[in-house]
Amino acid sequence: MIEIPAEMLTAEILNAIIEEFILREGTDYGSHEASLESKIVQVQRQLARGEIVITFDPATENCNLLTRHQLQKYQAQEDEQHDQSEYP
1 MIEIPAEMLT
11 AEILNAIIEE
21 FILREGTDYG
31 SHEASLESKI
41 VQVQRQLARG
51 EIVITFDPAT
61 ENCNLLTRHQ
71 LQKYQAQEDE
81 QHDQSEYP
């Protein structure tokens with residue numbers, strides 16, 4: 001999985017990734033529904049703060065948004081699997 005810095009993307013592509021993620025995930029925003037625009041702003045803020053990252057999976061050719069913690073956990077699992085395959 002590859003992390004893609006948000007600043008390397010055009011505003012149009014970044015917004016498309018964020019919008020697709022929001023619509024796919026159906027995120028729960030509490031007792032009242034937030035507008036799509038509001039959700040996009042929330043995700044943009046999280047990206048700016050480094051709380052979430054944009055990732056690309058070459059195996060599936062998909063972009064996704066993950067929390068930094070989720071990405072670190074995934075990378076640790078990948079490293080562990082790699083280490084185990086080197087030492088049978």
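If you're matching positions, the sequence shown starts at 1 in this note's numbering and goes up one per residue.
Beta carbons are placed, not taken as given, at the ideal position from N, Cα and C, and that holds for glycine.
Just so you know, these numbers come straight off a predicted model, no measurement behind them.
With a Cβ-Cβ cutoff of 8 Å, do residue 54 and residue 17 count as a contact?
Yes.
Would you check if the region 79 to 86 and the region 48 to 67 touch, i.e. whether three or more CB-CB distances between them fall below 8 Å?
For the pair of segments examined, the region 48 to 67 was found not to touch the region 79 to 86: the number of CB pairs separated by less than 8 Å stays below three.
Given this structure, state the Cα-to-Cα distance separating residue 33 from residue 47, to the nearest angstrom.
Taking the straight line joining both Cα atoms gives about 21 Å.
Going by the CB atoms, is the gap between residue 52 and residue 43 shorter than 8 Å?
Between residue 43 and residue 52, the CB-CB gap stays under 8 Å.
Quick check on DSSP: helix, strand or coil for residue 9?
Coil, per DSSP.
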